[in-house]
Each structure stands twice: as C-alpha cells, then as structure tokens.
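Here the structure comes first, spelled out in structure tokens, and everything after it is commentary.
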Amino acid sequence: MAETARQIADDLRARISSGELTPGDRLPGEPALVRDYGVAKETARRALTLLVDEGLAVRRRGSGTYVREFRPIPRVANKRLAKDGWGAGKSIWDADLGDREYTVSDLQVYESEAPRQVARLLELSEGEPVIVRSRRYLVEGEPVQQATSYLPAKQVRDSPIAQPDPGEGGIYRRLADLGLEPVRFSEELRARMPSQEETALLAVSAGTPVVEICRTAFTADGRPIEVNQMLLNAGVYVMQYHLES
Numbered sequence: 001m002a003e004t005a006r007q008i009a010d011d012l013r014a015r016i017s018s019g020e021l022t023p024g025d026r027l028p029g030e031p032a033l034v035r036d037y038g039v040a041k042e043t044a045r046r047a048l049t050l051l052v053d054e055g056l057a058v059r060r061r062g063s064g065t066y067v068r069e070f071r072p073i074p075r076v077a078n079k080r081l082a083k084d085g086w087g088a089g090k091s092i093w094d095a096d097l098g099d100r101e102y103t104v105s106d107l108q109v110y111e112s113e114a115p116r117q118v119a120r121l122l123e124l125s126e127g128e129p130v131i132v133r134s135r136r137y138l139v140e141g142e143p144v145q146q147a148t149s150y151l152p153a154k155q156v157r158d159s160p161i162a163q164p165d166p167g168e169g170g171i172y173r174r175l176a177d178l179g180l181e182p183v184r185f186s187e188e189l190r191a192r193m194p195s196q197e198e199t200a201l202l203a204v205s206a207g208t209p210v211v212e213i214c215r216t217a218f219t220a221d222g223r224p225i226e227v228n229q230m231l232l233n234a235g236v237y238v239m240q241y242h243l244e245s
C-alpha cells in the first residue's frame, strides 16, 4: 500500500527525533523513498519538502537533503521577561540561548511619528513622537528575528534608550532607572506567510511561515511604555510557556 507524503515525512521526523538521523546526516533520497515506500517520485519529493518547510532539513544543490544542523531556539516567554534577568544586567536573549552566541545587525535608532497602531497601544495622540529601535538578530550567523521597539519620546529621548547601546540589561533596565520599570507584559501572536522582503530578511525557506508577535510592556500603574513588534522565522523557534494552575 502506497504511503502518503505526510506519512513518509512523519517516519523521517521520528527518525530525527530518536537520534537515528543526527544533524548533518543525509536523508534518504527520492529514489530510496520511491523504492522503500512504493510511491511516485513526486510523492517522495513532497515528503522531503515538508521537512524542509518545517525547518528540520535543508537542501544542498547537487548533493541531497540533510538534517538541519541549526538547533531550534526555545522561546520561553515567562522566563525571558523575568526581572531577575534584565534587572541583573543580562540580555533577555540569555534565557533563550544559554551559551549560544547571537549578534545584532542593521541596528537603527531614531525619533519618528508613532504609526497609528503603535500610538493606539501606547495611548498616544496621533502624530506624537516615539523613539524607534529597529534591529535584526542572528544566532550562529543565521538570521532568526527582526524586532522594532517603540517608546514614548517625551519620556526616553534624553536617556540611553535613545542611543545605539543602552547598556547592560537593555532598555528594560534603563526604563527602571527612569522610574518606568515594566512589571507586566502582553503578547499577541499570529502565524502567516512572509512577504518577499521578509523572506529575504530572515532567509526563510520556501513554504516556511513566520510568527508575528506584538508585545506591550506596562508599568506598575498600568501605563503602556513600550511596544515591540517582532517577526520570527517559524522554522527555527519552539514556543514554550510554563504555566501554573
């Protein structure tokens, strides 16, 4: 009985999860899958494409399809925003990456009018200025996230937040220094297919979606103090949430 592309992909995924196929290993090629599963070549190709689209495998022109060597990034929302991290001068990325290295590229810091949605979330008047911090994050040389933060200019323009390097602990530590410590966060997530520009920006594989996250930070008195709009390569992230009943 012929197997479907999804079933073949499930089998290969299980072999990857069990460690039978390790990062860098070559996956069975289309001829092998045709022979072993009794399927058409197109079905075998679709099975491998599913794994590539999920971020588990990569194609190498003229060589074959291989188990991806890049380890997924666990994004633990509860842990990464905890004050005992940024409050101690650490980057919130430390919670995600441990000893893995990350770099920041395409950093831009400037003052501009707040976009309409951002103005609404920050409870600002239309046209009111914000400090914009736009940057792209790379882990082990691979682009994984584009992020743009918006903060009310009247409250932060004369602080290190308006400088390229805000110092240890990042902008949340600097907000605390200004008496605007963020104590509560709200995040909205949605998955979608990327635009052509976003595909190039994050080097997203064909067919791989992105995750769009909009986070708002609030002070103790309920004032919204930052909006961060993030775009993540869904193929490299694992979303984790630790909740208590």
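With the UniProt record's numbering as the guide, the letters of the sequence shown map in order to residues 1 to 245. We put the CB at the ideal spot given by N, CA and C, even for glycine. This one's a predicted model, so the numbers in the text were calculated from it and none came from an experiment.
As a quick exercise: from Gln145, Asp177, Arg135 and Glu188, pick the residue whose alpha carbon is nearest that of Gly89.
On the sequence shown, residue 89 is found 89 positions in, with the first residue counted as 1. Relative to Gly89, the option among Gln145, Asp177, Arg135 and Glu188 whose CA is nearest is Asp177.
When the Cα atoms are used, what is the spatial distance from Arg46 to Ala5?
Against the sequence shown, residue 46 aligns to sequence position 46. Against the sequence shown, residue 5 aligns to sequence position 5. The alpha-carbon of Arg46 is positioned some 6 Å away from that of Ala5.
For Asp149, count the other beta carbons within 10 Å of its own beta carbon; 16 or more makes it buried, fewer makes it exposed. Which is it?
Reading the sequence shown from its first residue, position 149 is the one you call residue 149. The question names Asp, but residue 149 is Ser in the sequence shown. With 16 or more other Cβ atoms within 10 Å, it is buried.
For the candidate residues Gly87, Glu198 and Asp99, whose alpha-carbon lies nearest to that of Gln146?
Indexing the sequence shown from 1 puts residue 146 at position 146. Here the closest residue by C-alpha is Glu198.
Between Thr208 and Asp94, what straight-line distance do the alpha-carbon atoms span, to the nearest angstrom?
Numbered from its first residue, the sequence shown carries residue 208 at position 208. Numbered from its first residue, the sequence shown carries residue 94 at position 94. A straight line joining the alpha-carbon of Thr208 with that of Asp94 spans about 26 Å.
For a quick check, are the C-beta atoms of Arg100 and Glu142 less than 8 Å apart?
Taking the sequence shown and counting its residues from 1, one reaches residue 100 at position 100. Taking the sequence shown and counting its residues from 1, one reaches residue 142 at position 142. One thing to note: Arg100 has its Cβ no nearer than 8 Å to the Cβ of Glu142.
As an exercise, report each continuous alpha helix (DSSP H) stretch of at least 4 residues that is fully enclosed by the region 61 to 149, in chain order.
Within the region 61 to 149, the complete alpha helix (DSSP H) segments of 4 residues or longer fall at 77 to 80, 83 to 86, 93 to 97 and 116 to 121, listed in chain order.
Own chain, CB closer than 8 Å to Pro72, minus 5 neighbours either side, in chain order:
On the sequence shown, position 72 is the one that residue 72 refers to. If you ignore the 5 residues before and after Pro72, its C-beta comes within less than 8 Å of the C-beta of Gly55, Val236, Tyr237 and Val238, all in its own chain and listed in chain order.
Looking at the strands, I want to know which residues DSSP matches up with Ala217.
Counted from its first residue, the sequence shown places residue 217 at position 217. Paired residues: Phe185 and Glu226.
Are there three or more Cβ pairs, one per stretch, closer than 8 Å when the region 175 to 195 is compared with the region 218 to 230?
Put simply, the region 175 to 195 touches the region 218 to 230. At least three CB pairs are less than 8 Å apart.
Helix, strand or coil for Gln240 per DSSP?
The residue you call residue 240 lines up with position 240 of the sequence shown. Here Gln240 sits in strand by DSSP.
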